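Participant: Quick note, the sequences are listed as chains A and B, same order. Its first residue numbered 1, the first sequence is counted upward by one per residue in the numbering used here. Its first residue numbered 292, the second sequence is counted upward by one per residue in the numbering used here.
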Amino acid sequence: MKARFIKENSGLPLIMPTLVVMALFSVLPLIEGFRLSFTDSNLLNKGEHWIGLQSYVKLAHDPIFWGAFLHSLVLTASVVVLQLVLGLILALALKQEVPGIRFVRSIIMASWVIPVAATAIIFQFMVEPGYGFYNIVLHALGIKANNFWFGDLQLAFPVIILLHLWRNVPFYGIAFLAAIQAIPHTTYEAAEIDGAGPWRSFVHVTVPGVRNMMIVMVTIHVLWTFNNFDMVYLSTGGGPVYATEVLPVYLYLQAWQSYSVGYASSIGVVMFVVLMIYFVVYIRIYERRET
Amino acid sequence: MLTKRQRRTFRYVLTYLVCVVAFLFFITPMLWIAYSSFRTPEAIFSAKIYTAAKDFTVDNYKTVLSVTDFPVYFWNSLRLGLVVTAASMLLSIPGAYGLSRYPLRGKNAYIMGVFSMQMFPVVLLLIPIYTVIFAIGLFNTIVGVALGQLMLVLPFAVWMLKGYFDNLPKDIEDSARIDGCNLFQTLSRIVLPISAPGIMVAAFYAFVVSWGDYLVVSVISQSQRTSTLTLALQRLGSALILRWGQVAAATVLTIVPTILLFSFVQTRLVEGLTSGAVKS
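1. Report yes if the C-beta distance between S111/A and W166/A is below 8 Å; otherwise report no.
2. Using the rule of at least 16 other Cβ atoms within 10 Å of the residue's Cβ for burial, across every protein chain shown, is K46/A buried or exposed?
3. Check the Cβ-Cβ distances between Y282/A and every residue of chain B, and say whether any is below 8 Å.
4. Taking Cβ positions, are I433/B and T542/B nearer each other than 8 Å?
5. Going by DSSP in three states, T39/A sits in which element: helix, strand or coil?
6. Taking the alpha helix (DSSP H) that N135/A falls in, what are its first and last residues?
7. Helix, strand or coil for L552/B, going by three-state DSSP, please let me know.
8. Are the beta-carbon atoms belonging to A255/A and A264/A less than 8 Å from one another?
9. Going by C-alpha distance, which of F317/B, S357/B and M410/B is nearest N228/A?
10. Would I420/B pass as an interface residue toward chain A - the criterion being a Cβ-Cβ separation below 8 Å?
11. Inspect the beta-carbon positions of G100/A and E245/A and report whether they are closer than 8 Å.
12. Comparing C-alpha positions only, which one of I469/B, T519/B and S512/B sits nearest to G428/B?
13. I'd like to check one pair, I481/B with I469/B: are the Cβ atoms closer than 8 Å?
14. Which chain B residues sit within Cβ distance under 8 Å of W50/A?
15. Measure the C-alpha to C-alpha separation of W588/B and V205/A and round it to an integer number of angstroms.
16. Using the Cβ count rule (16 or more neighbours within 10 Å means buried), how would you classify W535/B?
17. From the DSSP output, which residues share a beta bridge with F347/B?
18. Here's the rule: buried if 16 or more other CB atoms are within 10 angstroms of the residue's CB, otherwise exposed. What is N342/A?
19. In the DSSP assignment, the alpha helix (DSSP H) including Q124/A goes from what residue to what residue?
20. Rounded to a whole number of angstroms, what is the C-alpha to C-alpha distance between I143/A and N351/B?
21. Let's see if you can read the secondary structure: which residues bound the alpha helix (DSSP H) around R468/B?
22. Does V79/A get closer than 8 Å to chain B when you measure Cβ to Cβ?
23. Just reading off the alpha helix (DSSP H) that K95/A is part of, what are its end residues?
24. Under 9 Å Cβ-Cβ, which residues of chain A neighbour L369/B?
25. Check whether chain B comes within 8 Å of A93/A, counting only Cβ atoms and requiring the distance to be less than that.
26. Are the beta-carbon atoms belonging to R416/B and M442/B less than 8 Å from one another?
27. Keeping to the same chain, check which residues put their C-beta closer than 6 Å to that of F361/B; ignore five residues upstream and five downstream.
28. Can you tell me where the alpha helix (DSSP H) with A387/B in it begins and where it stops?
29. For chain A, check one thing: does any of its Cβ atoms lie closer than 8 Å to the Cβ of G563/B?
30. What do you get for V249/A, buried or exposed, if any count of 16 or more other CB atoms within 10 angstroms of its CB means buried?
31. Name the two residues that bound the continuous alpha helix (DSSP H) containing S26/A.
32. Just to confirm before moving on: does the CB-CB distance between G268/A and L251/A stay below 8 Å?
33. Under 8 Å, Cβ to Cβ, is there at least one residue of chain B near A255/A?
Structural data, given as structure tokens:
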């Protein structure tokens, strides 16, 4: 009995330390977050009371929350879809063996490794009215754009999307490139012998070849984008007038500016539930496909 | 119908078009801030792209490095990054190796569990983590921040390394074991050397996440003493009077270490990052 247990679980000592740290710093905090969402906990006054579903009722009547909820969904969906399409186009270009392509391949992912705090500064500088790079260029082209894009009600949200694309599209491009390069040459040759043109060999050889990579990239980036806090917080702070407010930023402001930890936690629980639904649906579809 | 030659030309033109647009969009902003960090305020505010040679200066860097506490923040970011990288590798290498090589009941549940942890909203987790770190006296300490950042790194690092180990041939380890190597010897003499490229990428990932983190630092470190570059940048960028030359210099100093490290792992980066995705 004991011997069998040891034999079946001999990997346990190796993964135990990681599991303990994950339990302490992810699982337990998540459970505690759930509990807090049913209390009126506040960082300023000690002692908390059980208030049941009151925070959630308040959420349901909170227009800023619903705005942030919508923004988070739209941002995640549009960013992931655009990244997928643009990443694929980039990969198809990077795949061509033309002079100079190695140089482009080697530097293109630089935007992915720099801190988001730097990204926010760089773009604030690029769009400065008057002396920002974009405005200098636009001015030279005869287009007048004198407002600060991050502070513009109409432009702020698209600019946030642009920032996400700036950071992640090269990562998609290089990842898809790796998947495309792993497709054996003979498959392309066979398609050509069968009379397939560039379009058909793209649809029937390239796309199936990168399918797995696409699934992984999309899954990870849905989670990362939906939970992403710093891109919005550091560039617009959720403004102007909540035009770019997303759930993680709203939660952060509730917790660390208003100190309403209980209310903030209820926002976090909603975020978790949304991702949970996505995850369950995703696994269902994935499993059905496999069988 | 296009001839083969026309098709080739067409392909070249399209490829270069995409590459030029990509370069302009992805790389120019970084070049622009680097360029501006060497310009005088007059040159920056002139709203011209061109700068005369006499208007180039290193004063922005001198000011940032001597007048402000920038060196302190740099040192904080650096040691934080090193601590987080070391700790996360110490935990995730054996963890991922165990998941990849050893029998384990309900292994798929563990793997799925680790992967799904990336779904936990970090902003939510930070509330209880802050309370605990405050209670055990690690608030405003590098160790406290490092503990918080570990949870940003660990799930992806374990998942990524597990995929990397899965793709390595098993035979060498088996023969090492038959030759009488114990687990520790197998790990240090066989596994670590042959998986060095994958581990380098994981370590790079850990360092870059820690270096670029704003969220955890802003909650757990609220004193100047333990502030990091990202916090300093945010403060600089939201100041009422923006000295863009200095802001640009500070930004460049923040970016350069990550770009340098990136250039070392660059060729292996994607292979390592996405190895969890590729099953062979």
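For glycine and all other residues, C-beta sits at the position ideal for the given N, C-alpha and C. These numbers were taken from a predicted model, which means no experiment stands behind them.
Facilitator: Straight from the coordinates:
1. As a working mapping, residue 111/A is identified with position 111 in the first sequence. As a working mapping, residue 166/A is identified with position 166 in the first sequence. Contact flag set, yes.
2. Counted from its first residue, the first sequence places residue 46/A at position 46. Looking at its Cβ environment, which holds fewer than 16 other Cβ atoms inside 10 Å, K46/A is exposed.
3. The residue given as residue 282/A occupies position 282 in the first sequence. False, the Cβ-Cβ gap to chain B never drops below 8 Å.
4. Position 142 of the second sequence, counted from the first residue, corresponds to residue 433/B. Position 251 of the second sequence, counted from the first residue, corresponds to residue 542/B. In this structure, T542/B does not lie closer than 8 Å to I433/B by Cβ.
5. Working through the first sequence from its first residue, we reach residue 39/A at position 39. Three-state result, T39/A: strand.
6. Taking the first sequence and counting its residues from 1, one reaches residue 135/A at position 135. F133 to A140 is the extent of the alpha helix (DSSP H) around N135/A.
7. In the second sequence, residue 552/B corresponds to position 261, counting from 1. In the structure shown, L552/B sits in a helix (DSSP, three-state: H, G or I).
8. The sequence position of residue 255/A within the first sequence is 255, counting from 1. The sequence position of residue 264/A within the first sequence is 264, counting from 1. Closer than 8 Å, so yes.
9. Locating residue 228/A in the first sequence gives position 228, counting from the first residue. The shortest C-alpha separation from N228/A is found at M410/B.
10. In the second sequence, counting from the first residue as 1, residue 420/B sits at position 129. So yes, I420/B belongs to the interface.
11. Here residue 100/A corresponds to residue number 100 of the first sequence, with the count starting at 1. Here residue 245/A corresponds to residue number 245 of the first sequence, with the count starting at 1. The answer is no: Cβ separation not under 8 Å.
12. In the second sequence, the residue the question calls residue 428/B occupies position 137. Ranking the options by Cα distance to G428/B, first place goes to S512/B.
13. Looking up residue 469/B in the second sequence gives position 178. Looking up residue 481/B in the second sequence gives position 190. Cβ atoms of I469/B and I481/B: not closer than 8 Å.
14. Numbered from 1 along the first sequence, position 50 holds the residue referred to as residue 50/A. Within chain B, no residue comes near W50/A; the closest Cβ sits about 17 Å away, beyond 8 Å.
15. Any property of residue 588/B remains undetermined from this structure, which presents chain B solely from 292 to 571.
16. One-based indexing of the second sequence puts residue 535/B at position 244. The residue in question, W535/B, is buried, as its Cβ has 16 or more Cβ neighbours within 10 Å.
17. Within the second sequence, residue 347/B is the residue found at index 56, counting from 1. According to DSSP, F347/B bridges with R330/B.
18. This structure cannot speak to residue 342/A, because chain A is shown only from 1 to 291.
19. Walking along the first sequence from the start, residue 124/A turns up at place 124. That run of the alpha helix (DSSP H) goes V116 to M126.
20. Here residue 143/A is taken as the residue at index 143 of the first sequence, counted from 1. Here residue 351/B is taken as the residue at index 60 of the second sequence, counted from 1. Roughly 32 Å between the two C-alpha positions.
21. For this step, residue 468/B is matched to residue 177 along the second sequence. Residues D462 to I469.
22. Counting from one through the first sequence, the residue named residue 79/A turns up at place 79. No, V79/A does not count as interfacial toward chain B.
23. Here the question's residue 95/A lines up with position 95 in the first sequence. Start and end: P63 to K95.
24. The count along the second sequence starts at 1 and reaches residue 369/B at position 78. Per Cβ cutoff of 9 Å: no residues; L369/B is ~13 Å from chain A at best.
25. Against the first sequence, residue 93/A aligns to sequence position 93. It does: the Cβ of A93/A has a partner Cβ on chain B nearer than 8 Å.
26. Counting from 1 along the second sequence, the entry for residue 416/B is found at position 125. Counting from 1 along the second sequence, the entry for residue 442/B is found at position 151. In the sequence under discussion, the amino acid at residue 416/B is Leu, which differs from the Arg named in the question. For L416/B and M442/B, yes; Cβs fall inside 8 Å.
27. Indexing the second sequence from 1 puts residue 361/B at position 70. Closer than 6 Å at the Cβ level, and outside the excluded window around F361/B, lie V355.
28. To locate residue 387/B, count along the second sequence from 1; it is residue 96. Segment F361 to R392, the alpha helix (DSSP H) holding A387/B.
29. Walking along the second sequence from the start, residue 563/B turns up at place 272. No - not a single Cβ of chain A is within 8 Å of the one on G563/B.
30. Along the first sequence, read from residue 1 onward, the residue named residue 249/A stands at position 249. V249/A is buried by the Cβ-count criterion.
31. Residue numbering aside, residue 26/A sits at position 26 when the first sequence is read from its first letter. Note, S26/A: premise wrong, no alpha helix (DSSP H); not H, not E.
32. The residue labelled residue 268/A in the question sits at position 268 within the first sequence. The residue labelled residue 251/A in the question sits at position 251 within the first sequence. Cβ distance < 8 Å, so G268/A and L251/A count as in contact.
33. The sequence position of residue 255/A within the first sequence is 255, counting from 1. So, interface residue.
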